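What follows is one structure encoded as structure tokens, with my remarks underneath.
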Amino acid sequence: MDTWENLRSECLACRGCSLCETRHNVVFGDGTQDAEILLIGEGPGQHEDEQGLPFVGRAGKLLDDMLEMVNLDRTKVYIANIVKCRPPNNRDPLGVEQDACMDWLRRQTALLRPKIIVCLGRVAAKAIIKDDFRITQEHGQWFTRGGVQMTAIYHPAALLRDVNKRPETFEDLKAIQAKARELCGHTEV
Ligand code: URA
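FYI, the numbering used here numbers position 75 of the sequence shown as 75, with every residue one higher than the one before it.
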């Protein structure tokens, strides 16, 4: 049977794609292992690669502020990424890299059994919800996959670049809070 300890140590040793050649740290994930809400980003940036933790740079600070607006924080969610190692120069992770990495996220999701999955940005939404996901048109909409409620919001880095997207994201966050109140048994939101 999978355990978080096995999974983490296997993942930290992964050489499943060429991103292992340039990484400083595998960014396995962060948060609470009994979280009912799983947030999925794209992949580590420079600060995440240096520290081995997801969303610790500027986008991460904004993510923390966004979570706080709806009474969530890292003690109430789990945060993972589509790829666990930094793509050079912060390019989008390639299809082969995403495919090579997806089993780690699958196993994390199987251990966590979240009630709600929130994709952070286009890359995660395409990988998790549907291949033709259009973030500008479909952010905030809800989808069911394998009995799990899923949605996507703009990536925090996109909100740093374009503050005009923030009001819509606040609406999306409030809808996530409402969904959490409806579905989550032990998460106080
Ligand atoms: N962007 C992501 O998608 N993930 C991180 O962990 C950091 C920045």
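Idealized CB from N, CA, C, for every residue including glycine.
Bear in mind that the values here come from a model prediction, so they are computed numbers and not experimental data.
query: Under 7 angstroms from any heavy atom of the ligand URA, does the C-beta of G52 make it?
result: no
- request: Could you tell me which uninterrupted alpha helix (DSSP H) segments, each at least 4 residues in length, are contained entirely in the region 7-39, listed from first to last along the chain?
  value: 19-22
Candidates Q51, A127, A80 and L53, of which the one nearest V96 by Cα: A127
task: Note down the Cα distance separating N71 from V77, rounded to an integer number of angstroms.
output: Using only the alpha carbons, I get a separation of about 11 angstroms.
Simplified DSSP assignment, three categories, for N81: Strand, per DSSP.
query: Under three-state DSSP, which class holds F55?
result: coil
- request: Report buried or exposed for M150, applying the criterion of at least 16 other Cβ atoms within 10 angstroms of its Cβ.
  value: buried
task: List the endpoints of the continuous alpha helix (DSSP H) containing I128.
output: R122 to I128
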